[in-house]
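S.K.: Here's a structure for you.
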Amino acid sequence: MSATKTQAFVLRTQDYRDTSALANFYTRDHGKIHGIIKGIRDTRYRFGSTLEPFSLNEILFYRRRRGGGDLHQVTQVDALDLFPRIREDLERLSYASYFTELLDTLVEGESPSTEVFDLFKGSLFFLASGASPRRSARIFELKLLDLLGFMPEIKACVGCRAENPDPAYFHIASGGICCKNCVPDSSSRMPVSRGTLNFLEHVRRSNVQALYNVKVSQEVGEELEKVLRRFVDFHLPGKLKSVVFLEEMGFN
Ligand SMILES: [Zn+2]
388 MSATKTQAFV
398 LRTQDYRDTS
408 ALANFYTRDH
418 GKIHGIIKGI
428 RDTRYRFGST
438 LEPFSLNEIL
448 FYRRRRGGGD
458 LHQVTQVDAL
468 DLFPRIREDL
478 ERLSYASYFT
488 ELLDTLVEGE
498 SPSTEVFDLF
508 KGSLFFLASG
518 ASPRRSARIF
528 ELKLLDLLGF
538 MPEIKACVGC
548 RAENPDPAYF
558 HIASGGICCK
568 NCVPDSSSRM
578 PVSRGTLNFL
588 EHVRRSNVQA
598 LYNVKVSQEV
608 GEELEKVLRR
618 FVDFHLPGKL
628 KSVVFLEEMG
638 FN
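Heads up, the sequence shown is in my numbering, so the first residue is 388 and it goes up one at a time.
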């Protein structure tokens, strides 16, 4: 059986038996994979990485099927970038943990996407560069939802198809924005400004590098945070541990 070499971010790890570990990786060439790394916690064996969450590694793995799912045997893990500038700052570390948990939760199975891989990598570089963690988070959330096909309609009313309705309301369960005539009379509707909708569209059309220096007003920033929180939560099975932590620390 042939070995596969690829770059991979560590998403989640779990100790397994005395010296081994199980890990979820997001790989550049194969999407998310689940692997077992035998002996990685045994000092007699040499691995070039300790499987830190969101570290970038080069891994070598052999495909294996076991029971209902794939559990690949990972025989080499060599760290390429541990993002030390993120790890030395609790707020940045908390945000990177959120990006990691969000990616692990929203992505299922081995559907390769170099765009998702590059987005995650670019967002970590962005966080490490000293950019605003909140802004990095909004860009990451929006681009990830868009790449995974979860982006709600933001150009036209989902009811009557009127373009750029003003005023506009978000109604996530309807799949996007509604005009004032079509919006359900529900507590889950949320007014959204033209500035926020324009920003969402701008982020969606731009690549991450082009967004590093984008500025938003405080009003748009706050509204974006609420809107994106709702989008993201709608696709999650429950509250993420990293989000609870961000809230507890007052970082969000
Ligand atoms: Zn309408």
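Quick reminder that beta carbons are idealized off the backbone N, C-alpha and C, glycines included.
1. Please state if the CB of D465 and the CB of S510 are separated by a distance shorter than 8 Å.
2. Counting C-beta neighbours from all protein chains within 10 Å, is the total for T414 16 or more, i.e. buried, or is it exposed?
3. Between the segment 513 to 523 and the segment 538 to 549, can you find at least three pairs of beta-carbon atoms closer than 8 Å?
4. Where DSSP assigns a beta bridge to Y449, which residues make up the other side?
5. Could you check which residue in R433, E550, R450 and G582 has the C-alpha nearest to that of C569?
6. On the premise that E439 lies in contact with L469, defined as a C-beta separation below 8 Å, what is that separation, rounded to the nearest angstrom?
7. Just the C-alpha distance for L493 and H459, rounded to the nearest angstrom, thanks.
8. Exposed or buried, which one is S442 when buried takes at least 16 other CB atoms within 10 Å?
9. CB of A410 to nearest heavy atom of ligand 1: below 7 Å?
10. Of all the options F504, R592 and S574, which has the alpha carbon lying nearest to the alpha carbon of M538?
11. Please identify the residue among R522, F621, T391 and A410 whose C-alpha is closest to the C-alpha of G608.
12. Consult DSSP for G562 and reduce its assignment to one of helix, strand or coil.
13. Closest by CA to N600, which one among S500, T430, K613 and P520?
14. Under the assumption that Y485 contacts V590 (Cβ atoms under 8 Å), give the Cβ distance between them as a whole number of angstroms.
15. Applying the 10 Å Cβ sphere with the 16-neighbour rule, what's the burial state of H558?
16. Taking C-beta to C-beta, are G426 and A410 nearer than 8 Å?
17. Which word fits C433, buried or exposed, when buried means at least 16 other C-beta atoms lie within 10 angstroms of its C-beta?
18. Out of T393, A395, R428 and S389, state which residue places its alpha-carbon closest to the alpha-carbon of R404.
19. For ligand 1, is there any heavy atom lying closer than 7 Å to the beta carbon of N551?
20. Check the Cβ-Cβ distances between G546 and every residue of chain D, and say whether any is below 8 Å.
21. Taking only heavy atoms of ligand 1 into account, decide whether any of them is closer than 7 Å to the Cβ of G563.
22. What residues are listed by DSSP as bridge partners for Q401?
M.R.: Let me lay it out:
1. no
2. buried
3. no
4. A390 and Q460
5. E550
6. 6 Å
7. 21 Å
8. buried
9. no
10. R592
11. R522
12. coil
13. P520
14. The pair is not a contact, with the Cβ atoms about 18 Å apart (cut-off 8 Å).
15. buried
16. no
17. Note that residue 433 is Arg in the sequence shown, not Cys. Exposed, since its Cβ has fewer than 16 Cβ neighbours within 10 Å.
18. R428
19. no
20. The chain labelled as chain D is not found in the depicted structure, where only one protein chain is given.
21. no
22. L409
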